[in-house]
Amino acid sequence: MISELKLALVQMDCRLGRPDENLARIEELLREAAAGGSQLAVFPELCTTGYNLSVIGKKIPSMALNLDSPEIKRLKDLCRDLCIYAVIPMALCGPEGQRPYNGLIFIDDKGRLIGTYAKCHLYDQERNYFQPGNDFPVFDTPLGKIGCMICYDAGFPESARLLRLKGAELILCPSAWNARDKIPWDLNMAQRALENSCYLAAVNRFGREEDLYMAGWSQVTAPDGRVIVKMSEEKEGILYCSLDGDVMNTIGPKGGPYLRWRRPQLYGPIGQ
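Take the position in the sequence shown, starting the count at 1, then add 105; the result is the number in the working numbering.
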């Protein structure tokens with residue numbers, strides 16, 4: 106991991122079912138993050154469409170994007186022009202005739218697509234409109250080794266543990282987390298960082314989508330479980346944080362108290 110990674114968590118107020126407006130706002134906020142000196146900007150879950158599936162669920166297939174779509178090309182071109190990396194969650198088209206994915210794209214500072222991730226643990230109504238992903242990739246970038254999970258994935262310890270065992274030094278968790286569930290939000294994010302001895306950056310959507318309210322609380326947690334920075338105000342905004350890469354370089358890929366002395370030979374039933 107580089108010695109200092111400048112991160113921007115973009116706590117965006119998305120417009121439900123208005124992808125054109127959201128794309129324009131993503132571009133504005135990406136410019137703001139770059140102007141603030143960030144090397145990597147991370148946006149919340151389904152930020153191109155909004156989240157409330159009880160309202161827009163049936164429209165998701167028509168709003169899902171192909172990787173060669175003009176919208177994604179615009180985002181790639183902007184990352185190149187701004188010299189910034191970006192993780193942008195969205196509905197991604199699946200194979201022909203299949204449901205889309207609740208996924209994300211990862212773009213580098215040259216405007217190239219590093220890769221994609223599709224949410225593996227679908228929550229509630231998501232199962233009616235999306236198909237789940239089946240892999241937790243770790244992206245080996247000049248910034249460091251970065252893994253992604255999305256929202257509900259964080260409630261399953263295996264998600265972050267698998268990313269860490271694959272070498273992730275920083276785990277990103279874009280979310281659309283309901284305001285009524287603040288306690289699980291705080292506990293999950295702190296625990297996933299602590300038990301895996303790595304940085305975890307969780308960016309939550311802010312705003313109301315009819316009967317669904319998401320309050321933000323975007324935060325970055327250190328490998329020892331401490332919250333380094335947190336967006337305390339319930340509003341749209343950007344949370345900036347500089348990560349000390351030397352911390353992860355010292356811990357190493359299998360360091361920390363909960364990795365070094367694991368006994369995986371005992372854990373077989375967990376995968377059943």
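Glycine residues also receive a C-beta, built at the ideal position from the N, C-alpha and C atoms. A quick note: this is a predicted structure, and the numbers were derived from the prediction, not measured.
At the level of alpha carbons, what is the spacing between residue i and residue j?
{"i": "Gln-230", "j": "Pro-247", "result": "37 angstroms"}
{"i": "Glu-206", "j": "Met-168", "result": "It is Tyr, not Glu, that sits at residue 206 in the sequence shown. Using only the alpha carbons, I get a separation of about 11 angstroms."}
{"i": "Arg-297", "j": "Tyr-156", "result": "24 angstroms"}
{"i": "Lys-340", "j": "Tyr-228", "result": "25 angstroms"}
{"i": "Ile-193", "j": "Val-308", "result": "11 angstroms"}
{"i": "Cys-278", "j": "Ile-161", "result": "23 angstroms"}
{"i": "Pro-358", "j": "Ser-174", "result": "37 angstroms"}
{"i": "Pro-242", "j": "Gln-203", "result": "22 angstroms"}
{"i": "Pro-262", "j": "Leu-187", "result": "35 angstroms"}
{"i": "Trp-290", "j": "Tyr-318", "result": "14 angstroms"}
{"i": "Leu-134", "j": "Asp-125", "result": "14 angstroms"}
{"i": "Glu-132", "j": "Ser-108", "result": "28 angstroms"}
{"i": "Cys-152", "j": "Gly-122", "result": "10 angstroms"}
{"i": "Asn-283", "j": "Asp-316", "result": "10 angstroms"}
{"i": "Leu-268", "j": "Arg-313", "result": "32 angstroms"}
Going by alpha carbons, who is nearest to residue i out of the options?
{"i": "Met-117", "options": "Asn-171, Asp-186, Asn-127, Leu-170", "result": "Asn-127"}
{"i": "Arg-120", "options": "Arg-310, Ala-113, Leu-145", "result": "Arg-310"}
{"i": "Ser-337", "options": "Ile-165, Leu-218, Leu-187, Trp-322", "result": "Trp-322"}
{"i": "Ile-165", "options": "Arg-232, Ala-259, Ala-140, Ser-143", "result": "Arg-232"}
{"i": "Lys-287", "options": "Met-353, Arg-269, Gln-324", "result": "Gln-324"}
{"i": "Ala-295", "options": "Leu-267, Asn-171, Pro-328", "result": "Pro-328"}
{"i": "Leu-180", "options": "Pro-242, Gln-370, Ala-129, Arg-204", "result": "Ala-129"}
{"i": "Arg-136", "options": "Asp-182, Asn-239, Glu-176", "result": "Asp-182"}
{"i": "Arg-266", "options": "Ala-191, Arg-365, Phe-148, Ile-212", "result": "Arg-365"}
{"i": "Val-147", "options": "Ile-212, Ser-264, Gly-360", "result": "Ile-212"}
{"i": "Ala-191", "options": "Cys-253, Met-353, Gln-370, Cys-225", "result": "Cys-253"}
Would you call the CB atoms of residue i and residue j closer than 7 angstroms?
{"i": "Cys-256", "j": "Ser-280", "result": "yes"}
{"i": "Asp-214", "j": "Ile-189", "result": "yes"}
{"i": "Ala-113", "j": "Tyr-345", "result": "yes"}
{"i": "Leu-299", "j": "Gly-330", "result": "yes"}
{"i": "Gly-350", "j": "Leu-145", "result": "no"}
{"i": "Gly-208", "j": "Gln-236", "result": "no"}
{"i": "Cys-184", "j": "Gly-142", "result": "no"}
{"i": "Ile-343", "j": "Ala-138", "result": "yes"}
{"i": "Met-195", "j": "Leu-172", "result": "no"}
{"i": "Phe-244", "j": "Gly-260", "result": "no"}
{"i": "Gly-238", "j": "Leu-275", "result": "no"}
If you follow the alpha helix (DSSP H) that residue i is part of, which residue opens it and which one closes it?
{"i": "Tyr-234", "result": "231-234"}
{"i": "Asp-245", "result": "Careful: Asp-245 lies outside any alpha helix (DSSP H), inside the beta strand (DSSP E) at 243-246."}
{"i": "Ser-167", "result": "165-168"}
{"i": "Asn-415", "result": "The first residue shown for the chain is 106 and the last is 377, placing residue 415 beyond what the model contains."}
Given the structure, does residue i come close to the ligand MN, in the sense that its CB is under 6 angstroms from one of the ligand's heavy atoms?
{"i": "Asp-125", "result": "With respect to the ligand MN, the structure offers nothing, as it holds no ligand at all."}
How would you write the range of the beta strand (DSSP E) that residue i sits in, first residue to last?
{"i": "Met-195", "result": "190-197"}
{"i": "Ala-113", "result": "109-116"}
As an exercise, report each continuous beta strand (DSSP E) stretch of at least 3 residues that is fully enclosed by the segment 260-336, in chain order. Here the runs fully enclosed are 275-280, 304-309, 311-314, 317-320, 324-326, 332-335.
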